[in-house]
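Notes follow once the structure below has been shown.
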Amino acid sequence: MSQNSQLASADRSPVQGLRLPSMVWIGILAIAASILVPGALGNQYWSYTFTLVTLYIIVAVMQNMLVSEAGQMSFGQGAIFGIAAVTTAVMIGLHGQPFWFSAIGGLIAGLVLGGLFAAPALRVQGYYLGFVTLSAALVFPQLLIALDSITGGVNGVPAFVMSLSTPLYGTITPLSLLAILAMAAALIFHGILPHTVLGRRMIIVSNSPEAAQALGIHPGTIRSIAFLIAAFGTAVAGVLYVPLVGFVGPTAFRVDFSIFFFLAVIVGGQGKLLGPLIGVWLLYLVPNVLLADFSHYRLLIYGAVALVVMLAFPDGVVGTVSSFIAARRGGASKVAISLNDAFDHDGKDVQADDRAEPNGAVLISVQEARKSFGNAVALGGASLTVKEGTIHGLVGPNGSGKTSMLNTISGFMTLDSGTVKLFGRVVTGLAPWRRTRMGLGRTFQTPRIFDRLSIWENVQIGREGYGRGGDAGRSSKLEVFAAKWRDQDPSLLPHGQRRLLEILRVMESDAPLILLDEPAGGLSTEERTELSRLLVHFRDRLGKTILLVEHDLSMVWNVADEITVMETGTIAASGLPENIKSNPKVRALFTGGRDA
Amino acid sequence: MSIDELALILVRGLGQGAIYALIGMSFNIVVNSSGILNFANGTLMILAGVLAFLFLPATPGFVGWALVALAIVAFLFVFVLLQGVLTLFPLKSSVEQHSWLITTMAVSVIVSACIHLYGGSLAFRVPPLLPPVSVFGLSTPSAYFLLIGLAAFWFVMIGWFHKNTRAGLAMSAVAQDLDAGKAAGIPVRRIQLYAFGISGLVLGTTGFVGAPVINISAETGIGYLLSGFTALVIGGLGSNLGAVVGGSLVGVLSMFAAYRFGGIYQDTVTMGLLIAVLMFRPEGIFGLAASRKV
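This is the structure we're talking about:
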């Protein structure tokens, strides 16, 4: 394999390319100033108000992370804040526990409720979780009143923590500093997150759960983790609320309170690091402080502003602004990658005797696969066998079941009957991400490229997702490739090139068995020739087994060791290329086709 | 529990369940044609109830009642249609989940804020049209029976509409395959707007007919929204039969909880049901698993 593995380790730090965006520092400075300046001047009212607002900003930062990285909508963060606050207050005020102990209780309570959101997130996503979180926001205040023997009921619970509320200077208290610290931590976390493995996984899961599965990631786990992280940050803010306000009543955490955080993030700009700060300042300070007479209209204003923001900036404020800037620049020039840049490949065709002798083990075996959707038959008893170390071509007219076959193998389609074996093991009911972890990689007909990640990161996630890639097979050229494309935006790649990027990703995953779904679509003739050579290189030098679905028949006949022809969900013919070519049935099938 | 109590829970539960089923059906029409779940459905139904409170004369004759009903239902039709225009506007080509979650939620917040500005947190009481009916010697509001009838009516009507009208057939086609529908020349946007309008009709009639037994106030819309959605999750998203079965189940169970533990636990029970079904059978108890799309 590669002789350059020592070079490969040059650049493998866990948080690669980590830099803290300047927005994080600006945000921390702005919030610290908002609390410390009135505090130093001894203005009790403003330092109190801004400390409270800062706690709300922490919640909004967590909500922002949920929306922008994890792609999940929560209408229930206020309930998590509330349960943490109430638990802390009850432990302090009714049971006389010390603050630190009560704080732990509050955090646990917040995490438990977060777990209630996280548990369904294992199975479902998106609007389902919107309803689950909304129901928690609705039920929580009702339960506070219903369980009044525990929670102090309608009267609420007073709870003072003298040690935190004693001024250090002016009206600056230890609590003000704690609030600033917690907010800074939240903002730094959100700033770093997209550059970490976890952050990239969240982005993958929210954009394409299928691609996540094909990378060996279980989407539900990532969603759950996101909800638990958000619950933790929100609970911290809820705990600090108790010593600040000194009283926790049941009416403070109604549905509006949860919806407030959600709208603040939308108004401030989802995904924007400073969005929560702007949103909370605007939505809280303007109606409650500046226009106190209009506080009746608060909810109306929140709703109207959120609606207008969504209609005026359908892609979110950030998206709209950045695409506007891109348009003003006259459109950045398209870029092009070449797979040739990424592999140690001398460009010569491999001689037949160089090739590693395939041992003939069967890596894919599909038996009598049947699947129908209503009356439409996707697979009508199709069988397929792919041997180790071969390129197996899968061809057929549109709708003949090629992609269904790929989805059966990779687990995205569950069969009505029939069995699937991978690496000799029966995997018929196994989830796609588990099959990926067995060593199966795939690309999609519509390439799953993530524009929030750089071109190189789009490749790198292959290695991260599969989680077993060694440095073997990693070429020195790839290091050059990585350096060149580390910060480039993949949206500048033309369509065909996006496919190449996905192929590179699947090669990076080090999977021995690879399914390619029409990899040559949208490529130029030269690029096709290049791709053919590389496929042979992958097989002969890197020992890969490839199942190739492709419309370019001349390409398939050039590289494939065996070919299977599908027709209306069944196998029309299967065998060596030269035999297939002379098969009259196959000839009839492709009459009028591009080749064959 | 005596047989009387059981009958009471059953009748009132089914009556409440009819409301949930109707909200579920109004979800279905829109979700089938556009993949959008309207988070404002609960508040919109409440809005119809508030309008009934405002415009029904103190002692309505049948004609007055029918005219007010017509006006309110027509208003809801136009209102939800316009909401559809707003909701679909940011969705250029694909269905981007974030934007519709936000716009429909924002409309819900705006409508309930307006109701709150008018009436505060107080409940609006609407007098019943017909006198109560005696069931097992227990006086039962007639609205419950009207609601059950209304649910049956819309169930049949929507089914008929999907099978026998051009717009309905186009809607079914779009529901099955949006891209194929587009390719076949169906004006998808217009069909989706019709769907919003029809869901407005369902919500308007429900809010009006159910007004005497619906808890009408600025804050109660979300509770009805969640019960309607839970009904759908149980019955299978997109299926009207599922909405009816799921709605009845949620109605009877939450009525039982209210009777046994107190009304304050009604929403808690619904939430528990929702989470349990999503955890263990996300495709619904009666629904079919949606096919995966790759």
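From first to last, the protein sequence lines stand for chains A and B. According to the working numbering, the first sequence is numbered sequentially starting from 21. According to the working numbering, the second sequence is numbered sequentially starting from 4. Quick reminder that beta carbons are idealized off the backbone N, C-alpha and C, glycines included.
Three-state secondary structure assigned by DSSP to residue i
i: A/Asp276; result: helix
i: B/Lys185; result: helix
i: A/Val177; result: strand
i: A/Gln92; result: coil
i: A/Gly564; result: According to the sequence shown, residue 564 of chain A is Lys rather than Gly. It is coil, neither helix nor strand.
i: A/Phe121; result: helix
i: B/Ser137; result: strand
i: A/Gln465; result: coil
i: B/Ile217; result: coil
i: A/Ser358; result: coil
i: B/Ser111; result: helix
i: A/Ile208; result: helix
i: A/Ser392; result: strand
i: B/Thr90; result: helix
i: A/Arg607; result: helix
i: A/Leu399; result: strand
i: B/His165; result: helix
i: B/Val212; result: helix
i: A/Ile237; result: coil
i: A/Phe501; result: helix
i: A/Arg559; result: helix
i: A/Thr191; result: coil
i: A/Val526; result: helix
i: A/Val268; result: strand
Contacts around residue i, its chain only, beta-carbon distance under 7 Å, and the 5 residues preceding and following it disregarded
i: A/Phe95; result: Gly150, Thr153, Leu154, Ala157, Ser278, Ile279, Phe282
i: A/Lys441; result: Ser385, Val447
i: B/Phe80; result: Gly200, Gly203, Leu204, Gly207
i: A/Leu136; result: Ala156
i: A/Thr456; result: Gln233, Ala234, Leu235, Gly236, Tyr486
i: A/Ile224; result: Ala231, Ala232, Leu235, Ile237, Phe470, Ile481
Residues that DSSP places opposite residue i in a beta bridge
i: A/Asp537; result: A/Val569
i: A/Thr439; result: A/Gln387
i: A/Ser407; result: The residue you asked about is not Ser; residue 407 of chain A is Lys in the sequence shown. A/Lys407 is bridged to A/Val382.
i: A/Leu142; result: Its beta-bridge partners do not exist; DSSP assigns none.
i: A/Leu596; result: According to DSSP, which records beta bridges pairwise, A/Leu596 is partnered with nothing at all.
i: A/Gly413; result: A/Leu568, A/Ile583
i: B/Ser142; result: B/Ser137
i: A/Leu460; result: A/Leu533
i: A/Arg445; result: A/Leu442
Chain B within 7 Å of residue i, Cβ atoms only
i: A/Ala326; result: yes
i: A/Arg320; result: One detail in the question is off: residue 320 of chain A reads as Leu in this sequence, not Arg. Yes, its Cβ sits closer than 7 Å to a Cβ of chain B.
i: A/Val275; result: yes
i: A/Gly130; result: no
i: A/Ile583; result: no
i: A/Gly589; result: no
i: A/Ile429; result: no
Minimum Cβ-Cβ distance from residue i to chain A less than 7 Å
i: B/Thr106; result: yes
i: B/Leu281; result: yes
i: B/Phe232; result: yes
i: B/Pro134; result: no
i: B/Val112; result: yes
i: B/Val98; result: Its pLDDT being 48, under 50, B/Val98 is placed unreliably by the model, and the measurement read from it follows with that caveat. By this cut-off, B/Val98 is not an interface position.
i: B/Ser102; result: yes
i: B/Leu40; result: yes
i: B/Leu172; result: no
Cβ shell of residue i (< 8 Å), same chain only, five flanking positions each side left out
i: B/Ala176; result: Ala183, Gly184, Ala187, Ile189
i: B/Ile75; result: Ala51, Leu54, Ala55, Phe58, Gly207, Gly210, Phe211
i: A/Leu213; result: Met85, Glu89, Gly219, Met222
Same chain only: Cβ atoms within 6 Å of residue i, ignoring 5 sequence neighbours per side
i: B/Leu59; result: Val71
i: A/Ala205; result: none
i: B/Ala43; result: Thr107, Val110, Ser111
i: A/Glu484; result: Val217
Check: residue i C-beta below 6 Å from any heavy atom of the ligand ATP
i: A/Lys422; result: Although the ligand ATP was asked about, the structure shown includes no ligands whatsoever.
(message) Tell me which residues of the stretch 148–175 of chain A have at least one Cβ-Cβ distance to chain B shorter than 9 Å, keeping chain order.
(response) Going along the stretch 148–175 of chain A in chain order, one finds Tyr148, Leu149, Gly150, Phe151, Val152, Leu154, Ser155, Ala156, Ala157, Leu158, Val159, Gln162, Leu163, Ile165, Ala166 with a Cβ nearer than 9 Å to chain B.
(message) Residues of the stretch 255–277 of chain B in Cβ contact with chain A at a cutoff of 8 Å, in chain order, please.
(response) Going along the stretch 255–277 of chain B in chain order, one finds Gly265, Ile267, Tyr268, Asp270, Thr271, Thr273, Met274, Leu277 with a Cβ nearer than 8 Å to chain A.
(request) With 7 Å as the limit, tell me which residues of the stretch 132–143 of chain A have their beta carbon closer than that to any beta carbon of chain B; keep them in chain order. (result) Leu136, Ala139, Pro140, Arg143
(message) Please list, in chain order, the residues of the stretch 72–92 of chain B that have any C-beta partner in chain A closer than 9 Å.
(response) In summary, the residues of the stretch 72–92 of chain B whose CB is separated from some CB of chain A by less than 9 Å are Leu89, Phe92, in the order they occur in the chain.
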